[in-house]
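A quick write-up on the structure given underneath.
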Amino acid sequence: MPTVYENLLSLIEEGALDVVERIDLPSRDEKLASIPASFLDGPLDPLLKSKFPDGQLWKHQSAALERIAHGQNVVVATGTASGKSLIFQLPLLKAAVEGGGRSLVLYPLKALLGDQLARWREIAVDLGLPQTSVIELSGDVEMFDRA
Numbered sequence: 026m027p028t029v030y031e032n033l034l035s036l037i038e039e040g041a042l043d044v045v046e047r048i049d050l051p052s053r054d055e056k057l058a059s060i061p062a063s064f065l066d067g068p069l070d071p072l073l074k075s076k077f078p079d080g081q082l083w084k085h086q087s088a089a090l091e092r093i094a095h096g097q098n099v100v101v102a103t104g105t106a107s108g109k110s111l112i113f114q115l116p117l118l119k120a121a122v123e124g125g126g127r128s129l130v131l132y133p134l135k136a137l138l139g140d141q142l143a144r145w146r147e148i149a150v151d152l153g154l155p156q157t158s159v160i161e162l163s164g165d166v167e168m169f170d171r172a
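So, in structure tokens, the structure goes:
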């Protein structure tokens, strides 16, 4: 299956698209940092070591988690698929596993909800929580199932 980039190149070659300007940006090295120790101490440790065997996260993930661990508020604005979800998932999972915490996570799009719901459930099972500890509440859930 061709990639989006390959499809775009094909459209240009066929004359279906005109290139007005092209700017090529050089790649840059990954910026990684260690997983904050406060997330490695306790029940998240095996999960994190299996998902991140080198003990490294993106630098913005590590910095945000470190601040959250110290009770600070954090705002993260990065591109799509840059790991924003992990930044709020880990503290919520830690609270659920260590202290029986509960969380309400809101997603603005149903497609994003569906994708994230599957990830939440997978992580819950990896942590030894029942899959039913993560539930969906949307317009697709019948009223009698919402309770």
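My numbering applies: residue 26 is where the sequence shown begins, and numbers increase by one. Note that the Cβ used here is the ideal one computed from N, Cα and C, for glycine as well.
For Lys56, the number of other beta carbons within 10 angstroms of its own is below 16, and it is reported as exposed.
By the neighbour-count criterion, in which 16 or more other beta carbons inside 10 Å mark a residue as buried, Leu118 falls on the buried side. Remark: three or more beta-carbon pairs, one from each stretch, lie closer than 8 Å, so the segment 85-95 and the segment 58-67 are flagged as touching. Collapsing the DSSP output to three states places Leu117 in a helix.
Ala58 sits in a strand when the DSSP states are folded into three classes. In this structure, Val29 and Ile37 do not form a Cβ contact; the two beta carbons are roughly 13 Å apart against a cut-off of 8 Å. Its chain contains no residue whose beta carbon lies nearer than 6 Å to that of His95 once the 5 sequence neighbours on both sides are disregarded. Taking the CA atoms as reference points, Pro78 sits about 23 Å from Arg53.
Between the alpha carbons of Gly67 and Val122 lies a distance of about 9 Å. With respect to Leu69, Leu152 sits close: the two C-beta atoms are nearer than 9 Å. Judged by DSSP in its simplified three-state form, Gln81 adopts strand. Contact check for Gln141 and Ile112: beta-carbon distance about 13 Å, past the 8 Å limit, so the pair fails to qualify. Ranked by Cα distance from Asn98, the options Thr105, Pro116, Ser107 and Gly108 are led by Pro116.
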